[in-house]
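Peer 1: For the sequence shown, this note's numbering begins at 5 and goes up steadily by one.
By construction, the Cβ of each residue, glycine as well, lies at the ideal position given by its N, Cα and C atoms.
One structure, as structure tokens, below. Some questions next.
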Amino acid sequence: MASSLSMLQDTVSDILSRLPVKSLTRFKSVSKKWADLTSTPAFISSHLRRASPDPCLLVRSYHTQTGNQSALWLYPEPTRHQGCFLLDVPSEEPLLRFPKIVASVDGLVCLDVSPCYASDFIFWNPATRQFKRLPFPLIASSKSNPIWIVFIGFGFDSFSSDYKLVRIVSLKTIDPFPSIRVEVFSWKQWAWKEIEESFDLTVLCGAAEGVAAGGTLNWLAMGLQELANQKFIVSFDMGTEVFKRIALPPITQYGNVKIMSYMGSWAIAVYPLPNGPGINCFEFWVLGEGNDGSKNWTKMVFMDNFINVLVPVTTWRDTELVFKRMGAKDGNSYQSFVLFDPVGEVSKRLTPDGVDMCLEPWSYEESLVSVYGKS
Numbered sequence: 005m006a007s008s009l010s011m012l013q014d015t016v017s018d019i020l021s022r023l024p025v026k027s028l029t030r031f032k033s034v035s036k037k038w039a040d041l042t043s044t045p046a047f048i049s050s051h052l053r054r055a056s057p058d059p060c061l062l063v064r065s066y067h068t069q070t071g072n073q074s075a076l077w078l079y080p081e082p083t084r085h086q087g088c089f090l091l092d093v094p095s096e097e098p099l100l101r102f103p104k105i106v107a108s109v110d111g112l113v114c115l116d117v118s119p120c121y122a123s124d125f126i127f128w129n130p131a132t133r134q135f136k137r138l139p140f141p142l143i144a145s146s147k148s149n150p151i152w153i154v155f156i157g158f159g160f161d162s163f164s165s166d167y168k169l170v171r172i173v174s175l176k177t178i179d180p181f182p183s184i185r186v187e188v189f190s191w192k193q194w195a196w197k198e199i200e201e202s203f204d205l206t207v208l209c210g211a212a213e214g215v216a217a218g219g220t221l222n223w224l225a226m227g228l229q230e231l232a233n234q235k236f237i238v239s240f241d242m243g244t245e246v247f248k249r250i251a252l253p254p255i256t257q258y259g260n261v262k263i264m265s266y267m268g269s270w271a272i273a274v275y276p277l278p279n280g281p282g283i284n285c286f287e288f289w290v291l292g293e294g295n296d297g298s299k300n301w302t303k304m305v306f307m308d309n310f311i312n313v314l315v316p317v318t319t320w321r322d323t324e325l326v327f328k329r330m331g332a333k334d335g336n337s338y339q340s341f342v343l344f345d346p347v348g349e350v351s352k353r354l355t356p357d358g359v360d361m362c363l364e365p366w367s368y369e370e371s372l373v374s375v376y377g378k379s
């Protein structure tokens, strides 16, 4: 009898793990047993593994010139040109600024709601409508230690099953180069901690938000002193909480570099700026592992005479590149997205577009991951 009941429970769990979050949320109010079952870490992980291979697209939009008319939109099926939904911004009190999206990981969205210095954050699950404000970071700007710039990143540490938010703070000093301090927020411990770190002969540059790839968070960096005029990736291992420097391949010197994730590894896109001087080609490099275990860069895509109104912004399903197309329509600025498969070299248009609106896309998949952590 006990064995039969166990098999029945396993069958019920298997069936429920294949249902959408909306249905599971309704079932929680019907059955306490099902509510308890669908709240366990094992069930949440199983449900996440069985999520649709085609994620939604989360888009932050705002007016190009004024920065007003900010909004968050969810496109459930952007490749099929279906409808979209306007999302309510989660907050228990008025916000000083419309949120920026730091990252979207396993259905958990990290929002930056601070007016400056990336110092106020919210964890949000749009599917369950849960949200929670994080405690304020440990490192703050002061007269004696004014902040110059802050780099942030959000990702998942598979070794400890923890979601981590990393905040890299550059402080102004009388020296030629800024002083660096780093702190990490643990979703599991629900607390910030400062870690000892220094970036030898490098300074972070480019986008403030780090890119998650293969259990790491990654930022573009420029070399200093004897490494001057060289570009690197500064990579933070979320398991060991240690930084390392990764040399880039022999890319075109005057190209703009975008760090991306591809097939669970690091990748970089090298491209020209819209209407800017410099290169007129596009390169896509992927860091792979050789037969001897060494890491090697491989040039996967090269396009000559590249259209400089296309800018790589992210990857889709971790296998396809998303380009932002910028141009004009009826005398107004116009933005849209193009999806490109680097293997089959096939492109298609994605749903979002906007006139006089700036669009920032993020992959998003529905999940039951709680915003409250595990402790």
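(1) Compute the distance between the beta-carbons of P119 and L62, then report whether it is under 9 Å.
(2) When the Cα atoms are used, what is the spatial distance from H85 to R353?
(3) When you compare the region 206-221 with the region 133-142, are there three or more beta-carbon pairs, one atom per stretch, that lie closer than 8 Å?
(4) For I172, which residues of its own chain have a beta-carbon under 6 Å away from its beta-carbon, when the five flanking residues on both sides are left out?
(5) Evaluate E369 with the Cβ neighbour count: other Cβ atoms within 10 Å of its Cβ, from every protein chain shown; 16 or more gives buried, anything less gives exposed.
(6) What span of residues does the beta strand (DSSP E) with R137 cover, start to end?
(7) Which one of L20, T70 and G111 has the shortest CA to CA distance from P59?
(8) Starting from the C-beta of I255, find all residues in its chain whose C-beta is less than 8 Å away, skip the five residues before and the five after it, and write them out in chain order.
(9) Are the Cβ atoms of W223 and L205 separated by less than 9 Å?
(10) Taking the straight line between their C-alpha atoms, what separation do you get for S108 and K136?
(11) Could you tell me whether the Cβ atoms of A55 and S371 are closer together than 9 Å?
(12) Could you give the residue range of the beta strand (DSSP E) that holds D166?
(13) Closest to D322 by CA distance: which of V342, Q69, S265 and D334 is it?
(14) For I156, which residues does DSSP report across the bridge?
(15) Mind checking which residues open and close the alpha helix (DSSP H) that includes T29?
(16) CB-CB under 7 Å to A75, same chain, minus the five flanking residues each way: which ones, in chain order?
(17) Under 8 Å Cβ to Cβ from G294, same chain only, skipping five residues before and after it: list those, please.
(18) Based on DSSP bridge pairs, tell me the residues matched to V261.
(19) Could you check which residue in Q73, K104 and S148 has the C-alpha nearest to that of I178?
(20) Grab me the residues of S17's own chain with a C-beta within less than 7 Å of its C-beta, minus the 5 sequence neighbours each way, in chain order.
(21) Out of L277, D124, K26 and E245, which one is the CA nearest neighbour of I199?
(22) Taking the continuous beta strand (DSSP E) assigned at R353, which residues delimit it?
(23) With a threshold of 8 Å, are at least 3 pairs of Cβ atoms found where one atom belongs to the region 326-339 and the other to the region 23-40?
(24) Just the Cα atoms here: how many angstroms apart are I263 and F240?
(25) What's the gap between the Cα of D14 and the Cα of I184?
(26) Can you check whether the CB of R329 is closer than 9 Å to the CB of V350?
(27) Can you give me the C-alpha to C-alpha distance between C114 and W270, rounded to a whole angstrom?
(28) Measuring alpha carbon to alpha carbon, tell me which of S146, L175 and S190 ends up nearest F160.
(29) If the criterion is Cβ atoms closer than 9 Å, does the pair T132 and V25 meet it?
(30) In whole angstroms, what is the alpha-carbon distance linking Q69 and L363?
(31) Buried or exposed for T302, going by 16 or more other Cβ atoms inside 10 Å?
(32) Relative to the alpha-carbon of M242, which residue among G214, L252 and N312 has its alpha-carbon at the smallest distance?
Peer 2: Quick answer:
(1) No, they are not a contact pair.
(2) The straight-line gap from Cα to Cα measures roughly 9 Å.
(3) With fewer than three CB-CB distances shorter than 8 Å, the region 206-221 does not count as touching the region 133-142.
(4) F155 and V186.
(5) Label assigned to E369: buried.
(6) Per DSSP, the continuous beta strand (DSSP E) segment holding R137 begins and ends at Q134 to R137.
(7) Residue G111 is the option with its Cα nearest to P59.
(8) Spatial neighbours of I255 in its own chain (CB-CB distance under 8 Å, excluding positions within 5 residues in sequence) are listed in chain order as K235, V261, I272, V274, E287 and W289.
(9) Against a cut-off of 9 Å, the Cβ pair of L205 and W223 comes out as no contact.
(10) When only Cα atoms are considered, S108 and K136 end up about 15 Å apart.
(11) Contact: yes.
(12) Counting along the chain, the beta strand (DSSP E) containing D166 begins and ends at D166 to L175.
(13) Measuring from the Cα of D322, the nearest candidate turns out to be S265.
(14) As a beta-bridge residue in DSSP terms, I156 pairs with R171 and E213.
(15) Counting along the chain, T29 sits inside the alpha helix (DSSP H) bounded by residues V25 to K32.
(16) Counting only Cβ-Cβ distances below 7 Å, and skipping sequence neighbours, we find S65 and L90.
(17) Counting only Cβ-Cβ distances below 8 Å, and skipping sequence neighbours, we find N300.
(18) V261 is bridged by DSSP to V274.
(19) Closest by alpha carbon: S148.
(20) Closer than 7 Å at Cβ, skipping near neighbours: L41 and F47.
(21) If we check each option's Cα against that of I199, E245 comes out closest.
(22) Run containing R353: V350 to V359, per the beta strand (DSSP E) assignment.
(23) Between the region 326-339 and the region 23-40, the count of C-beta pairs closer than 8 Å stays below three; the two stretches do not touch.
(24) Those two C-alpha atoms are separated by around 14 Å.
(25) C-alpha separation (whole angstroms): 50 Å.
(26) Not in contact: V350 and R329 (Cβ atoms no closer than 9 Å).
(27) The alpha-carbon atoms of C114 and W270 are separated by roughly 22 Å.
(28) Cα-wise, what sits closest to F160 is S190.
(29) Cβ distance < 9 Å, so T132 and V25 count as in contact.
(30) Taking C-alpha positions only, Q69 is separated from L363 by approximately 13 Å.
(31) Here T302 is exposed: its Cβ has fewer than 16 other Cβ atoms, across all protein chains shown, within 10 Å.
(32) With distances taken between Cα atoms, M242 lies closest to G214.
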